[in-house]
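J.:
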Amino acid sequence: MKSKINKKVMIFSIIILFFEHLNAQKYDIFIHELLKQNNWFALEKEYPQIQDSIKTPELKWLTESLLNIKFNQNEAAISSIDTLLHKYQQNIGFTNSVELFRYKISLLAYQGEYGFIAGELKNFIDQVSENLPQEELKKFEEMYNFYNSLRNEEKTQVIKPEKNIEIPFGTIEMDFTSRKDEDTIHDMTSALGVVKIFIQGKEYVFILDTGYETTCIFNNTSKNINLHYLNDSINISGTGISQGNLAILDNISLGEVTLYNLLIVVSDNFLEKSGIFRNENINDYIDGVLGIDFIKRIGEIQLYPSDKKIIIPQKESELPISGRNIILDERNNIIVKAFSEDDLITFHLDTGNSNSHMFKSYYLKNRNEIETTLEKKLTYSFGVGAIKSDTIYQMPSLALLIGETFFSLKNIPIYTVDYFMEDPSADGSLGTDFINKFSKITLNLNKMFIQLKK
């Protein structure tokens, strides 16, 4: 399942327009084109080889800023953004400076620098209030009020012992029925990976969901937990939109790894609220969702689906010889680099979705071939905020290479409309069926790779 809590502004398209004036410098133009294409994996490969030949300094710093953001190098990203803002603000223009500043704030927020952010926002508002449209100014003032209210909150801390940590990893099957006018039109069983976590000494069961941006506790469970609620209600979007509240959780543990002072979301259990599940008392099974924010702070997890366990290693794995093959998009979705023969295909890693599929973007790229060779059918999907029916084309199989491992996906739906309210920046999505193909999956969000073992 995909959740988007705070939508980060997509700065790339407007910033790179500034560089249309570039002189006919071969390497500057080449890098500029890769930026326009959002081709981050190619940019990561090519930029180190030609960076000394780039003539436009602001283009160089912008490229480094965006690569650092995409490959989850927060400290380096903040530093390179600061260089752009302090040395080249006149060159890049006011609008681009504002968007870079906004991105810097989101990176600092992940680090828990709330007081520093409030100070930065106050200075920013004082300096630019006369030049910002009122709607934009209001957003920055709301942002200031929010972070100022967190000024005295402690940063999120991760405590883990110096040893390998083993955690049980299970699967829960959920039966659901789609109905129209009281008539059953579709039955399905969905399987999702779950883990046991501990909050304030009590055990709970959470879905392990790499497609969820922020860890979530369902309302029914939150009644038994001491939370520090913030005065902000938020929209949570996925296949639809639901409402939630932000809160600070003093501690949450996965095995012997504990996070302190974690900013989380409290919302209705979308599984129960949808009214589509035949399982009795779904709230008795699932208490919340462990999101990508938790996994990022751990650094590396190793999933063993057949052995029903997760290992959090004492020492992180070495970067494979195939190199980095995941990035984070502008909404913190994990995007995986894959190849189908010689063609690059990107996938959103979404362990909260039971089945892999292809997004509308893939359909549009390959429309003629898909419509002339594949079968059209009706399917149903559920997630945060909605259940919906869609017309899809079904691809019998797709052979892929990720890292150094070849495998195939079978019977893959190709959606002709957006699967989510706003699809990730990828061609498709890899779900629980993908996870279960392998004996071991290593996901490292520090060195930014996923490694598969059959």
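Sequential numbering of the sequence shown, starting at 15, is according to our numbering.
For every residue, glycine included, the Cβ atom is placed at its ideal position computed from N, Cα and C.
#1: Which value, in whole angstroms, describes the spacing of the CA atoms of D195 and N425?
#2: How is the beta strand (DSSP E) around N425 delimited, first residue to last?
#3: Use the C-beta contact count for S443: other C-beta atoms within 10 angstroms, 16 or more gives buried, fewer gives exposed.
#4: How long is the line joining the alpha carbons of L273 and D356, rounded to whole angstroms?
#5: With a threshold of 16 other CB atoms inside 10 Å of the CB of S236, please say whether the residue is buried or exposed.
#6: Measure the beta-carbon distance from F232 to D282 and round it to whole angstroms, keeping in mind my assumption that it falls under 8 Å.
#7: Can you name the start and end residues of the beta strand (DSSP E) that D357 belongs to?
#8: For H242, count neighbouring C-beta atoms within 10 Å of its own C-beta (all shown protein chains included) and say buried if the count is 16 or more, exposed if not.
#9: Can you name the start and end residues of the alpha helix (DSSP H) that F154 belongs to?
#10: From the DSSP output, which residues share a beta bridge with E180?
#11: Straight-line CA distance for S17 to L222?
#12: Let me know if T456 comes out buried or exposed under the rule of 16 or more other beta-carbons within 10 Å of its beta-carbon.
#13: For a minimum of 4 consecutive residues, which ranges assigned as the alpha helix (DSSP H) are wholly contained in the region 25-112?
#14: Specify, as a first and last residue, the run of the beta strand (DSSP E) that N275 falls within.
#15: When the Cα atoms are used, what is the spatial distance from I92 to K391?
#16: For M462 versus N86, is the C-beta distance shorter than 8 Å?
#17: Using only the alpha-carbon positions, how far apart do K153 and A440 sit?
#18: To the nearest angstrom, how far is the alpha carbon of Y299 from that of Y218?
#19: Tell me which same chain residues have a C-beta within less than 6 Å of the C-beta of V172, skipping the five on either side of it?
#20: If I measure Cβ to Cβ from K451 and keep anything under 7 Å in the same chain, skipping five residues before and after, which residues do I get?
#21: Apply the 10 Å Cβ neighbour rule to H100 and answer buried if 16 or more other Cβ atoms are within range, or exposed otherwise.
#22: Please go through the same chain and pick out, in chain order, the residues whose beta-carbon is closer than 6 Å to the beta-carbon of E389, but skip the five residues on each side of it.
#23: So what's E330 in DSSP terms, helix, strand or just coil?
#24: For P182, count neighbouring C-beta atoms within 10 Å of its own C-beta (all shown protein chains included) and say buried if the count is 16 or more, exposed if not.
T.: Once the coordinates are examined:
#1: Because D195 carries a pLDDT of 48, less than 50, the predicted location of this residue cannot be relied on, and no value is offered for it.
#2: Looking at the DSSP string, the run of the beta strand (DSSP E) that includes N425 is 419-429.
#3: Burial check for S443: the Cβ neighbour count within 10 Å reaches 16 or more, so the residue is buried.
#4: Looking at the two C-alpha atoms, the distance is approximately 42 Å.
#5: Here S236 is buried, its C-beta having at least 16 other C-beta atoms within 10 Å.
#6: Contact annotation, F232 with D282: C-beta distance approximately 7 Å; criterion of less than 8 Å satisfied.
#7: Following the DSSP letters along the chain, one finds D357 inside the beta strand (DSSP E) bounded by residues 357-363.
#8: Exposed.
#9: Unbroken alpha helix (DSSP H) run through F154: 148-163.
#10: Bridge partners of E180: I325.
#11: Annotation note: pLDDT 49 at S17 (below 50); position unreliable, coordinate value reported separately. Distance between the alpha carbons of S17 and L222: 13 Å.
#12: T456 is buried by the Cβ-count criterion.
#13: Those alpha helix (DSSP H) runs which fall completely within the region 25-112 and span 4+ residues are 26-30, 40-50, 54-64, 71-84, 88-101, 103-106.
#14: In this chain, the beta strand (DSSP E) harbouring N275 covers 271-281.
#15: I92 and K391: Cα-Cα distance of roughly 47 Å.
#16: With contacts defined as CB atoms closer than 8 Å, M462 and N86 qualify as a contacting pair.
#17: Looking at the two C-alpha atoms, the distance is approximately 29 Å.
#18: A straight-line Cα-Cα distance of about 9 Å links Y299 and Y218.
#19: Cβ neighbours of V172 beyond the five flanking positions: L273, R311.
#20: Closer than 7 Å at Cβ, skipping near neighbours: F421.
#21: Looking at its Cβ environment, which holds fewer than 16 other Cβ atoms inside 10 Å, H100 is exposed.
#22: The answer, listed in chain order, is Q408.
#23: In the structure shown, the three-state DSSP call for E330 is coil.
#24: With fewer than 16 Cβ atoms within 10 Å of its Cβ, P182 is classed as exposed.
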